[in-house]
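Colleague: Following this note's numbering, the numbering of the sequence shown begins with 34 at its first residue and continues without gaps. From the three backbone atoms N, C-alpha and C, an ideal C-beta is built for every residue, glycine too. These figures come from a predicted structure and were not determined experimentally.
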Amino acid sequence: MGPDVPLLNDYKQDFFLKRFPQTILGGPRFKLGYCAPPHIYINQIILFLMPWVLGGIGTLLYQLDILKDYYSAALSGGLMLFVAFVIQMTSLYAKKKSVTIERILNPDTLTDEDEYESSGCADAETIKFIIPGKKYMVNTIFHSVLAGVICGLGTWYLLPNRITLLYGNIGGTVLIFIFGWVTLCIAEYSLIVNTATETAAFQTLDTYEFTALMRPLYIIFFIAVDLAHRFTINLPALEQVNQILHILFVFLPFMWALGTLPPPDALFLWGMEQVLEFGLGGSPMSSHLRLIVMFLVSAGTSIASYFIPSTVGVVLFMSGFGFLLSLNLSVIGHSMLEGIIRQRASTKSKILHNNSKKQLGWQECLFYFILLVLALIEGSLLHFFAGFSAFSKTSPQTIISYILMVLFIVTWLLREIQSVYVFGIFRNPFFPKDTRTVTLFLEKQTRLVKVGVVRRILLTLVSPFAMIAFLSLDSSLQVLHSVSVCIGFTRAFRMVWQNTENALLEMVVVSLMQLLVFNKDLWWNRSLDTGIRLLLVGIIRDRLLQLITKLQFVVAVLLTSWTEKKQRRKSTTTLITLNIVFFPVVMFFIFLSTLLSSPLLPLFTLPVFLVGFPRPVQSWPGPVGITACICPDTVYYEQMVPSLSAALGSAMAAGSLGLILPGSHYLCRFQDRLIWILILERGYTYCCINIKGLELQETSCHTVEARRVDEVFEAAFEKEENSRTLLLNEHFGNILTPCTVLPVRLYSDARNILSGIIDSNENLQEFKGDFLKVLVWVLVQYCYKRAKTLKKLDETETNVVPPPIRQSECNNSSYPQNPSDTDSLNLETLDEWSDNDFLDDESTTKKENGKLKVLPNTSLPIPGSVESQSTDSNSAETVSEDKLYKAVALGLPVLDKGKQKEMTHLPLLEFSCSHSQLLNIPEEWRSSCLPKSRIDEIKQLFPEDWYQFVLSQLESFHPKENLLNILEEIAKDEVLKDLYIHAVMCCYFSFFGIDDMVPSPSHIFRAYNSGIPWSLGLDWLTEKPELFQQALKAFRYAFKLMLDKASLGPIENFRDLVSYLEEYEHDWYIGLISDEEWQKAVIQERPYLFSLGHDPNMGVYTGRVLTLQELLVHVGKLNAEAVRGQWANLSWELLYATNDDEERYSIQAHPVLLRNLTVQAADPPLGYPVYSSKPLHVPLI
């Protein structure tokens, strides 16, 4: 797609031009897609101005000194309440009166909103169009009452005399009065008539009609400040705030229209996050529930500290709760609960052990307990015995401040040398030059690992205790029952543990300012205690960091809109010029978004910047990890997450990933996999993260950006010239900054073209013989394992024949508990086989020369006939028991001749060796799809010497027995061998047919994919699901064997062949990518997986091999503000402008901003990651 692809198509442009005026005015529809009757517009104008008319009545009565101001407000509010109820009742009446006919049509947003059939100015359809009404009766009442309250208070707020007292200017009073009432009318219309679609869209659906409360909420806030000013003692600061807010009140419609002010739910969550982080010393949390609980507990801790009567008690309380609240208490509690349950019931502990949360052992709990005790002892002793003195060059607090400065410089330097670039610009000379192999990288990283351990000790153990000493010696703690002390020091004592690096920086800055500024009359020293200073420094630190990243984002958007040819539109020059001309306005927007901690929204990702509404760190309303676009590729991300989490924990603890803050984004790259990581929560020795996996089926846009990601990482980690000279980061302008590489246990993906192997005539000729050998090995192993399983079950039973059949799972074969529950094996149908199927028209006589023998006096039913049953209970019991023996004949003890005579109608085979029962094939496999004469013809293909060798490799049930003699006897059993010949050759015929022709590559491919050409043999085979699965497995093993022989050379002897097959059985999964077993094999971490495919474009067959090994994954840090800004635009563009065009401009590839990847990483339904984890606890200890 070219750079001048339309931002909005014609349909969406028309839709947007209709919706945006409605948003500005609060809901009236003055721009319709057709010529509407005049009464539509007149009715909407009347309803829009109704609050002004009612408020004007109260205002007029007050200005004429007929009523007091509060009586005037009450009158206007009462009238508005009555009108609001009338409006809502009218809407309900119209809904009941009209007859709704639902049509099954494709939804059309414009038609639903703008078109209706009207027969008059007050008919039901007109009322429904103008006043849609509320979904719930509760909202009908509540919104009506709220409308009356707002109208009454708004009348009081905008009384001309009151405004004149604030400004002393009649002209200003008139302007504020007129435009203030316009603001009120907009809010009232949106509340009780028709709710406007807000540009500040947070939720995808407004289920509970919260959107209607957004504008009234801000009206109430402005009025609350005015009421506080009215009823409190004259406070100059409050009066100035009230004056400013009266001016801003006029501009509320523009802020609503531009989406600067957040909806109620986003405002609530964002406000709690800001107060928790900067006012209470906490961290944004990984879920909304945790955020609410932690906010309440932290606020309660701060309030409780106000009532403690002793300064030592205050220090102990703040130190203890500061440490405890900085831990992940939910994980600790879960670990303790698991320990208790493990002591009571070991089985239950195994179930809990599979929980997704990281478990903590007693060592970690003991470590935390010791730290808590030491912190309490240190804080209390220093506070009690050290005494207090003013901050001077010789005071104890000053000495500790010097120690803090040294600690900060050392930990900062040790952190910077852990990543590949220092400051993201200069290449780190200490970072390993060669990062292509895991072994070599780990050897060269040894020094950095040791440095990381030193940094971890300094940051985890030394720095917190040094900071506690600094706080405990502060003289501000002598002032009890002070709100500022309680807020400031509660936050400070918690920040020591919650975010040690930031707390260390804040204390160093405060100490430097105290050392450099000794003027006690300065506002900083006179009015603020140390806790509040630390709080202010923390806010400034956070906002300054946001400002820097926002400026980088703005510069990247501006420059790349011109330097990247594919991003250069016809309007680019004009937009850049406007940004230069209105540079102060752009800077104002940047500073405002920084002050509000809200994303800077690039409209359509063009250099047109707006202030997005403040929102939580997660950016999305739903729980983390609940939704993802699940596909077959999801399993590869799911498999690598545990190993990746552990590697990330080590890197974070060492400082390789830079400063870890909630809201930070990281991007990992390995082969075709892209992993997006979001830091959700940060605490003492832990953080919570969310890992997302992006699609592996790369689109053109995805490929362009993925290629640039590879270039960025290759320039940092794999270019040889980097090892010779100290280079700058040549991709500094990219929002991705390389950090380090991580050794992760995952699957490497190798794809090969099989031309020259699969189409080789020599290989295909050998393939049929290999198939026979592999099939013999597979069937022998299957029957042997099956018999062993049944033997173990028999040994656990007290009786020889169990009353109900209790069968465990074994090799995908199942045995029903009663005939009615039979699925693949029915006891009644086991009798329906004839000797024609097996002996080819021979009667139930013995074959000569030790061949198949059927016991005499047996009765064989005619195929398809109905078996007669005796009414005698004993007879029925015997029949049932006989059928049971037939169903579970494998592994049962050999019956002597006396017992055999009792089973007169059960055709049992007489083996020459009693142990041959252990290898007996299931009875349902003994039917034939070929005449006996044909089996005799192809019988010579059976690899008898290989069959003998396979039997010789078996193990015995009873180690004390003479194994070699037993195996020799089994190998000489001609009856058993004929059974295997029959089964193997029938499967062979089903796969290759009767003709002795070399199979074609296409035939091999179809058979590998279970697409065997139809034949009578295929019908016979598919009727036996277990045999079909074993034959298919043998076919796939044989194909893999053909590839290995072609690449590694021929197989010398049978032992080598067995080693190949055993390796396939234990270490490989050979099948199809679409198989469920493939997904299970990946999760179970099978060492190797193989699949055969076909590329229709190239017309070649391909082999795909996944190998599980520890490999290096590249990790880079993303510009967090660039991600938040693009996500804010995505939310606006899809939820408000409904621009869901798959080829829209804002989703096109951008190699610097990584626009397409960023859109993918958004939470569904706006984004489409194929994997998203729940919040993961990553220990950093």
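#1: Please report the residue range of the beta strand (DSSP E) in which residue 491 lies.
#2: Roughly how many whole angstroms lie between the Cα atoms of residue 1047 and residue 795?
#3: Under DSSP, the alpha helix (DSSP H) around residue 214 begins and ends at which residues?
#4: List the endpoints of the continuous alpha helix (DSSP H) containing residue 741.
#5: Go ahead and pull the three-state DSSP assignment for residue 630.
#6: Are there three or more Cβ pairs, one per stretch, closer than 8 Å when the segment 204-213 is compared with the segment 238-245?
#7: If residue 1135 sits next to residue 729, beta carbons under 8 Å apart, how far is it from one beta carbon to the other, in whole angstroms?
#8: Taking only the alpha-carbon atoms, compute the straight-line gap between residue 374 and residue 364 and give it to the nearest angstrom.
#9: Alpha carbon to alpha carbon, how far is residue 294 from residue 646?
#10: Who does residue 1123 pair with in a DSSP beta bridge?
#11: Between the C-alpha atoms of residue 1235 and residue 945, what's the straight-line distance to the nearest angstrom?
#12: Helix, strand or coil, according to DSSP, for residue 328 in the structure here?
#13: In the DSSP assignment, what residue or residues form a beta bridge with residue 1163?
#14: For residue 1128, which of helix, strand or coil comes out of DSSP?
#15: Using 10 angstroms around the beta-carbon of residue 543, count the other beta-carbons present and answer buried if the total reaches 16, otherwise exposed.
#16: Identify the continuous alpha helix (DSSP H) that holds residue 1191 and give its terminal residues.
#17: Residue 1198: buried (16+ other C-beta within 10 angstroms of its C-beta) or exposed?
#18: Expressed to the nearest angstrom, what Euclidean distance is found between the alpha-carbon atoms of residue 492 and residue 404?
#19: I'd like to check one pair, residue 337 with residue 292: are the Cβ atoms closer than 8 Å?
#20: Quick check on residue 321: does DSSP put it in helix, strand or coil?
#21: Expressed to the nearest angstrom, what Euclidean distance is found between the alpha-carbon atoms of residue 99 and residue 51?
#22: Determine the burial state of residue 222: buried for a count of at least 16 other Cβ atoms within 10 Å of its Cβ, exposed for fewer.
#23: Counting only runs that start and end within the segment 971-1040, where is the alpha helix (DSSP H) found for 4 or more residues in a row?
#24: To the nearest angstrom, report how far apart residue 368 and residue 490 are at their CA atoms.
#25: Report the rounded CA-to-CA distance for residue 703 versus residue 557, giving the unit in angstroms.
#26: What are the start and end residues of the beta strand (DSSP E) that includes residue 90?
#27: Which residue from 377, 103, 271 and 672 puts its Cα closest to that of residue 777?
#28: With the cut-off set at 8 Å, would you say residue 108 and residue 90 are in Cβ contact?
#29: Nearest to residue 789 by CA position, among 123, 1076 and 1053, is which residue?
#30: Where do the N-terminal and C-terminal ends of the beta strand (DSSP E) with residue 709 fall, by residue?
#31: Identify, in the order they occur along the chain, each residue of the same chain with its Cβ nearer than 6 Å to the Cβ of residue 72, setting aside the five sequence neighbours on each side.
#32: Going by the DSSP bridge assignment, what does residue 1204 pair with across the sheet?
#33: Counting only the same chain and skipping the five closest in sequence on each side, list residues whose C-beta sits under 6 Å from that of residue 124.
#34: Measure from the alpha carbon of residue 506 to the alpha carbon of each residue in 513, 488 and 428, then state which is nearest.
#35: Using CA coordinates, which residue listed in 322, 275, 536 and 1162 is at the minimum distance from residue 1188?
#36: So, under 8 Å CB-CB, residue 584 and residue 623 are touching, yes? Tell me the CB distance rounded to an integer number of Å.
Modeller: According to the data block:
#1: Run containing residue 491: none; DSSP gives neither H nor E here.
#2: 26 Å
#3: 203-225
#4: Residue 741 -> alpha helix (DSSP H) spans 733-750.
#5: coil
#6: Contact between the segment 204-213 and the segment 238-245 is not established, with fewer than three Cβ pairs separated by less than 8 Å.
#7: Not quite, the Cβ-Cβ distance comes to about 16 Å (not below 8 Å), so this is no contact.
#8: So the alpha carbons of these two residues sit roughly 15 Å apart.
#9: 5 Å
#10: 1103 and 1138
#11: Here the chain covers residues 34 to 1214 and nothing more, so residue 1235 does not appear.
#12: helix
#13: BP columns for residue 1163 are empty, so no partner.
#14: Residue state for residue 1128 is assigned as strand, using DSSP reduced to three classes.
#15: buried
#16: 1188-1194
#17: exposed
#18: 14 Å
#19: In this structure, residue 337 does not lie closer than 8 Å to residue 292 by Cβ.
#20: helix
#21: 44 Å
#22: buried
#23: 977-985, 996-1004 and 1007-1025
#24: 25 Å
#25: 51 Å
#26: Residue 90 -> not in any beta strand (DSSP E); alpha helix (DSSP H) instead, spanning 71-96.
#27: 672
#28: yes
#29: 1076
#30: 706-716
#31: 154
#32: 726
#33: 164 and 166
#34: 428
#35: Nearest in C-alpha terms to residue 1188, of all of 322, 275, 536 and 1162, is 1162.
#36: 7 Å
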